[in-house]
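These protein sequences, in sequence, are chains W and R.
The opening residue of the first sequence carries number 131 in our numbering; numbering runs sequentially from there.
The opening residue of the second sequence carries number 22 in our numbering; numbering runs sequentially from there.
Cβ atoms here follow ideal geometry from the backbone N, Cα and C, with glycine treated the same way.
Notes for the one structure printed next.
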Amino acid sequence: MKAGNVLRIARWETTRSATSLDRETAIAFVVVAVALAAIVPAVVTTGPTPGEGIYRIGVDDDSPYADVAASDPQLAAVQPGSDADVTVSPVGIQYADTAKGRAALSTLRSATVAYNDAVMADEPDQAAAFPVVVSLTYRPQSIDVTSAQADTDGAGSSTTGGDGGRTDTPSTDDGATGTSPTAGASGGGLSGLLGQAQSGTPSSISPPFPLQSLVFAFAFLLPLNIVIQAYGSSVLAERIDRRGEPLLVAPVSRGDIVAGKTLPYFAGAIALVSVIAAATGAGVLAVLAVAPLAALFLAATFLGAMFARSYKELTFVTVAVSVALTTYAFVPAVFAEVNQIAAISPLTVVVDSITDSGVSTGQFVLSTAPPGLAAFVLFGLGTGVYREEDMFTQLPIPSKLLDALAAPLATPRRAGVWTALFLPFVLVAELFAVALLFVAPVSLSIPVLLGAIAVIEEVAKSIHVFAAFERGQYRRSFRTALAVGAASGVGFFVAEKALLVTQLVGLPGLDIGRAAFAPALRGASPGLLLVAPLVWHVVTAAISAVGAARSRLAYVGALAAAIGVHLAYNIAVVVIALG
Amino acid sequence: MGNPRVVLARRTLGSLRSEKTIVLALVIQLFIAGFSSFLVVGLVSLYDPGTANGDALTVSVGVTGNASSDVAATIADDDSRSVVPYPSQAAASAAFQRGDVQALVHATRQPGGRILAAATAPEGSFRTTLVVTELKGALSTLERERRADLDHRLERTPVDLPPDERSNPYFSFTYTVLLPLLAFLPAFISGSVMADSMAEELERDTLSLLRVAPLSLPEIVDGKAIALVGLAPAQVALWLLLLWLNGTHIANPLALLALVAGVAAVLVATGAALALRVGARREAQLLYSFVALAVFGVASLLPQSPQNLIARLAVDSPTTLTWGLLGVALTVAAASYTGLRWLAGGAET
Chain W
131 MKAGNVLRIA RWETTRSATS LDRETAIAFV VVAVALAAIV PAVVTTGPTP GEGIYRIGVD
191 DDSPYADVAA SDPQLAAVQP GSDADVTVSP VGIQYADTAK GRAALSTLRS ATVAYNDAVM
251 ADEPDQAAAF PVVVSLTYRP QSIDVTSAQA DTDGAGSSTT GGDGGRTDTP STDDGATGTS
311 PTAGASGGGL SGLLGQAQSG TPSSISPPFP LQSLVFAFAF LLPLNIVIQA YGSSVLAERI
371 DRRGEPLLVA PVSRGDIVAG KTLPYFAGAI ALVSVIAAAT GAGVLAVLAV APLAALFLAA
431 TFLGAMFARS YKELTFVTVA VSVALTTYAF VPAVFAEVNQ IAAISPLTVV VDSITDSGVS
491 TGQFVLSTAP PGLAAFVLFG LGTGVYREED MFTQLPIPSK LLDALAAPLA TPRRAGVWTA
551 LFLPFVLVAE LFAVALLFVA PVSLSIPVLL GAIAVIEEVA KSIHVFAAFE RGQYRRSFRT
611 ALAVGAASGV GFFVAEKALL VTQLVGLPGL DIGRAAFAPA LRGASPGLLL VAPLVWHVVT
671 AAISAVGAAR SRLAYVGALA AAIGVHLAYN IAVVVIALG
Chain R
22 MGNPRVVLAR RTLGSLRSEK TIVLALVIQL FIAGFSSFLV VGLVSLYDPG TANGDALTVS
82 VGVTGNASSD VAATIADDDS RSVVPYPSQA AASAAFQRGD VQALVHATRQ PGGRILAAAT
142 APEGSFRTTL VVTELKGALS TLERERRADL DHRLERTPVD LPPDERSNPY FSFTYTVLLP
202 LLAFLPAFIS GSVMADSMAE ELERDTLSLL RVAPLSLPEI VDGKAIALVG LAPAQVALWL
262 LLLWLNGTHI ANPLALLALV AGVAAVLVAT GAALALRVGA RREAQLLYSF VALAVFGVAS
322 LLPQSPQNLI ARLAVDSPTT LTWGLLGVAL TVAAASYTGL RWLAGGAET
């Protein structure tokens, strides 16, 4: 790859976009942008209420509740007797015995509280009007129920900032152990951000909003959608009417072309993220943390645009990519500062950067390395099919995927190299599984997780081997299959050692994290510890490779067998390790 | 050979089916709906834990100070809270540190009759939100009781609270957020696919082939638009059916579907018009996203926003204005579609 070529193509991509924009379109963009700039403040100031007038309160004009109904936009006052959901009469308050009637009553109740506070604010004797004044402060509790297990292996972390957290189940609670994880499933508190002391009347106290990271997720990731829209269009446009052909025959490498075409969009994405970071008060670290994620957005879009048969298909691929990646970034970040699981998400670094909580190197690496490496590999796969026979033909997506997977496998040894390169995806998928499952009770989460891991790892070890046999890269013989399988198993084993990075952030401190990433055998000799996983990876990879060499059906069967063996081994290890 | 427009509409739907994109679209919508519901169920169970799982958690509160008897009474009158009195703040603080209690209230009575409540909640825990919500509830009750006691000092009497009846906390969310989301997402996607479809015909130069067929440009636009405008209400009907099976009562389903079809027609016409004028997919698609945002922004400035229209119709609280705005939406839809046909007819010559 030559920097000069890359820059020249990048400049060409930028100027081409600028010049292809005719005057009419450019004016339209400006007009729409100005209109949006005018509309947004108007919408913000009027603050539209989607629930306006959905509950009908039957009330006479002289009743005090008429004023209450007028004070809440969700309530609409109507004449009593018409089809009201709640009717206020001198004898009392009646409500329709429906879900809507009860919801209306409950809304009327909270509206009354707010109305009373507003009335009382005008009273001359404020001590009688607001007879209770609350001052609320937050203080850490030093109990830590899970630390007894977590700290024994020396992997406990002080990286999450704040009070290091897991103070969820005080032992005084009856039955809390069963119910607390369910409450935990719903989110965590960002105490550092929101744990400010408050004081005022009881109704003015607000509990901390636990999903602040949702706001950051949308602020940082939604703008990336605009970039990948444009990028995907640009890549797919090269494939229409063989427009990309002149560039393909030019004396530059495929890598140069892809890098050059991507560079302007990546730079644009980083610029956007930097602007948002500056606006939200996040530092350089936040931009660095989101950069690999932006690259992954672009890489997935690039591969999608190489596979898509039409713009329609590309639209759906783009939406699917952004939904999936937003979820990956968002779900773990919900637990920021509450649980180490949050360290998986780059958004946690963003949150920490905003709150100045400090980020450890290990945490930074864990949150950025997997998406960064995954982006690298996806670009590699896409570049592999950036060639005439794939760009200008129309094939279903699965078939293109097989092409892309088979393309780099020239020798059996390459199978091992690519297995190793798939490891970031394995890591991303497994981390995501951990994030989804860690709130479930251990008795359920660990078996499900072990199953998920077996499936993920075995597919990663064999899917490209299968593709290579299907596309005739390897001779369909038993010996080749064994050699390829062994290479794949060794590649996986070597790359798996990279997983040691998870140890740096104390993820194994969680029971479920340990089951996933550090199933160390107690009492076994170090030699056995090293050799056993190697043998086991080679055996399972060989099983599925032999199936792949035979036929599609045989591959499915052999893969299932390999998953079974893998699962049995994992269960055995975990049972011994966890006692 | 039937009407060429119907043939073209069928072909458009066929290509969506063969590319499996329609399946992907439904999966994406289901995912987004599931995800937002997951968030809300989670949020509600944090603020109002009794609703999420039948057995409520108990928050135990350590109480100290010379007004502790008043505070203790209101804290104890709900099953979800329990009181532990402590003789001194130091003892209470130590118990809080140990985790024996999850919150502290130090209540002191002021000379004017006011009670100062210094509350302490655990920092950075899953249960912080719940603890603060419970404290707030108890102290609000105390505030009401104290106001009643001090009635003689007030010029106006607070309005009595309506009875406290358990209601479904997701009720408002279902009608005002989830349903509008599910209603407008398909319409937005239809417009986007229309822009893709037209831009692709233009970029691949296949429009001329279709026109040899012989089809006029307005007929081609018709064929594609019939398919895509029809697809949006069909998807929404599916969601309405799912919600109905789930026990959510949806009023005025036909009016809802008409509104969705109207919005889809506006967006599809916008997408097609932009693709026809701009010609390139990338620019057309970007402009379409911005224009669609602007259209929704302007519409939300109406006396009843589109989101509100859906909510009112579905929850059975429409006013005359609601029906009027539905009529306006359908008129705008017809107008934008006529505009598109005029544009297509002009582009042909």
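Min CB distance residue i to chain R below 7 Å
i	result
W/Phe-446	yes
W/Asp-266	A small fix is needed here, since residue 266 of chain W is Leu in this sequence, not Asp. Yes, W/Leu-266 counts as interfacial toward chain R.
W/Asp-255	yes
W/Lys-591	no
W/Glu-143	no
W/Asp-293	Note on W/Asp-293: pLDDT 36, under 50, position unreliable in the model; no value is reported.
W/Tyr-458	no
W/Ala-530	Contrary to the premise, residue 530 of chain W reads as Lys rather than Ala in this sequence. Taking Cβ atoms only, chain R never reaches closer than 7 Å to W/Lys-530, which makes this a no.
W/Arg-146	no
W/Gln-279	Note that W/Gln-279 has pLDDT 34, beneath the 50 cutoff, so the model's placement of it is unreliable and the number below is only indicative. No, no contact with chain R.
W/Ala-140	no
W/Ala-165	yes
W/Leu-697	no
Of the listed residues the options, nearest to residue i (C-alpha basis)
i	options	result
W/Leu-102	W/Ala-163, W/Ser-681 and W/Thr-670	The question about residue 102 of chain W has no answer here: the residues shown for chain W are numbered 131 through 709.
W/Ala-616	W/Lys-627, W/Glu-560 and W/Ala-550	W/Ala-550
W/Gly-177	R/Gly-318, R/Ser-81, R/Arg-177 and R/Ala-88	R/Gly-318
W/Thr-456	W/Ala-537, W/Leu-535 and W/Phe-350	W/Phe-350
R/Thr-150	W/Asp-255, W/Asp-252 and W/Ser-336	W/Ser-336
R/Ser-81	R/Leu-230, R/Val-126, R/Leu-203 and R/Arg-303	R/Val-126
R/Ala-204	R/Ile-271, R/Asn-267, R/Val-242 and R/Lys-245	R/Ile-271
W/Arg-369	W/Ile-406, W/Val-489 and W/Leu-444	W/Leu-444
W/Glu-253	R/Glu-176, R/Thr-129 and R/Ala-169	R/Glu-176
Chain W within 7 Å of residue i, Cβ atoms only
i	result
R/Gln-328	yes
R/Thr-72	In this prediction, R/Thr-72 scores a pLDDT of 48, lower than 50, which makes its location untrustworthy; the coordinate-derived value is nonetheless stated afterwards. No - not a single Cβ of chain W is within 7 Å of the one on R/Thr-72.
R/Lys-245	no
R/Phe-317	no
R/Gly-75	For R/Gly-75, the pLDDT reaches just 42, beneath the cut-off of 50, and the residue's location in the model is therefore unreliable, leaving the point undetermined.
R/Gln-110	no
R/Ala-313	no
R/Ser-90	no
R/Asp-217	yes
R/Gln-50	no
R/Thr-85	no
Whole-angstrom C-beta distance between residue j and residue i, which should lie under 8 Å
i	j	result
R/Ile-136	W/Pro-220	Not confirmed; about 34 Å, so no contact.
R/Ala-140	W/Val-264	6 Å
R/Gly-83	R/Val-105	5 Å
R/Ala-216	R/Tyr-358	About 15 Å separates the two Cβ atoms, so there is no contact after all.
R/Leu-252	R/Leu-334	Actually they are not in contact, since the Cβ atoms of R/Leu-252 and R/Leu-334 sit about 21 Å apart, beyond 8 Å.
W/Leu-354	W/Ala-399	6 Å
R/Val-281	R/Pro-254	5 Å
Beta-carbon proximity of residue i to residue j, cut-off 7 Å
i	j	result
W/Thr-217	W/Gln-224	yes
W/Ser-623	W/Ala-590	Inspection of the sequence shows that residue 623 of chain W is occupied by Phe rather than by Ser. No.
R/Ala-208	R/Leu-288	yes
R/Gly-186	W/Leu-235	One point to set straight first is that residue 186 of chain R is Glu, not Gly, in the sequence displayed. Contact: yes.
R/Ala-248	R/Leu-34	yes
W/Tyr-516	W/Arg-384	yes
R/Ala-305	R/Ala-220	yes
R/Leu-364	R/Pro-25	no
W/Pro-394	W/Glu-143	yes
W/Ala-258	R/Leu-171	yes
W/Arg-241	W/Asp-192	At residue 241 of chain W the sequence reads Ala, which differs from the Arg that was named. No.
W/Leu-423	W/Pro-538	no
Residue i: CB within 6 Å of a non-hydrogen atom of the ligand COA
i	result
W/Thr-176	Although the ligand COA was asked about, the structure shown includes no ligands whatsoever.
If contact means a Cβ-Cβ distance below 8 Å, which residues of the stretch 358–391 of chain W contact chain R?
Listed by position, the residues of the stretch 358–391 of chain W near chain R (Cβ gap below 8 Å) are Gln-359, Ala-360, Ser-363, Ser-364, Leu-366, Ala-367, Ile-370 and Asp-371.
Any C-beta of chain W within less than 8 Å: which residues of the stretch 185–211 of chain R qualify?
So the close ones are Asp-185, Glu-186, Arg-187, Ser-188, Asn-189, Phe-192, Ser-193, Tyr-196, Thr-197, Val-198, Pro-201 and Ile-210.
Along the stretch 220–235 of chain W, what residues have a CB closer than 9 Å to any CB found in chain R?
For the stretch 220–235 of chain W, the set of residues with a beta-carbon nearer than 9 Å to any beta-carbon of chain R comprises Gly-222, Ile-223, Tyr-225, Thr-228, Ala-229, Lys-230, Gly-231, Arg-232, Ala-233, Ala-234 and Leu-235, in chain order.
Residues from the stretch 162–182 of chain R in contact with chain W, defined by Cβ distance under 7 Å:
Within the stretch 162–182 of chain R, the qualifying residues are Leu-163, Glu-164, Arg-167, Arg-168, Leu-171, Arg-174, Leu-175, Glu-176, Arg-177, Pro-179, Val-180 and Leu-182.
Interfacial residues, the stretch 180–205 of chain W to chain R, with Cβ spacing under 9 Å:
The residues in question are Pro-180, Gly-181, Glu-182, Gly-183, Ile-184, Tyr-185, Arg-186, Pro-194, Tyr-195, Asp-197, Val-198 and Gln-204.
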